[in-house]
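Numbering-wise (full-length UniProt numbering), the sequence shown opens with residue 1 and increments by one.
Glycine included, C-beta positions come from ideal geometry on N, C-alpha and C.
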Amino acid sequence: MWNRRQTSSYPSTDSLIGYGGTLEGKVHCDTNLRIEGNFSGEILCEGTVTVGEQGTVHSSIEAQEIIVAGKVYGNVTAQRKLILTGTGQLHGNITAGSLSITEGSLVNGAVAMTMTEQPATETAGGLHTVTPKNKAGKRRADKQSSLEGA
């Protein structure tokens, strides 16, 4: 009973840098990260990085998803999507699979979209080109063929 090894899996916990807190360095996390305070350095995250309205980040950020409601100074790379809320400010270059920018947010930098899927070769409901019929030309051709037959 005492010698039995128990392997318990702990549930993943999100990480938080709270309001008033300041952290400097490199953060690598497998879970989600929320920043309400100040951070300087580098962020590598396998989950979602959220910069709250009171958060200020002087860092490059690489994550699956990034939500910016505060201020970010640095380049960001979102594998899936980047969301800038109405209070968000991003001063740096953006690379993202998809991008959502709400009115009132601020972006100062270049944007590059990455393709996660190949585009479809045909578009459903796309534009079809219709060639106008030349009625005058058809009438002449009909008239000429009827004259040839006579």
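Distance, Cα to Cα, residue i vs residue j?
i      : j      : result
Ala110 : Ser98  : 14 Å
Ile66  : Ser59  : 13 Å
Gly104 : Val72  : 15 Å
Gln54  : Thr22  : 12 Å
Ile94  : Gly20  : 27 Å
Met113 : Arg34  : 24 Å
Gly57  : Cys29  : According to the sequence provided, residue 57 is Val. The question's Gly does not apply to it. About 16 Å.
Gly86  : Thr50  : 14 Å
Leu44  : Asn38  : 16 Å
Ser100 : Met115 : 15 Å
Gly74  : Arg80  : 18 Å
Return yes when the Cβ of residue j is within less than 8 Å of the Cβ of residue i, no when it is not.
i           : j     : result
Ala69       : Gly88 : yes
Ala96       : Leu84 : no
residue 158 : Gly41 : Beyond the ends of the chain as shown, which are 1 and 150, falls residue 158; an answer cannot be given.
Gly25       : Glu36 : no
With 16 other CB atoms within 10 Å as the buried threshold, where does residue i fall?
i      : result
Ile17  : buried
Asp14  : exposed
Met1   : The predicted position of Met1 is uncertain, since its pLDDT is 48 and thus under 50; a value taken from the coordinates is nonetheless stated next. Exposed: under 16 other Cβ atoms inside 10 Å.
Leu106 : exposed
Ala78  : buried
Asn108 : exposed
Thr102 : exposed
Thr31  : exposed
Under DSSP, the beta strand (DSSP E) around residue i begins and ends at which residues?
i      : result
Ser40  : 38-45
Gln89  : 89-91
Tyr73  : 71-73
Gln64  : 56-68
Glu112 : It is Ala, not Glu, that sits at residue 112 in the sequence shown. From DSSP, the beta strand (DSSP E) with Ala112 extends over 111-113.
Glu24  : 22-29
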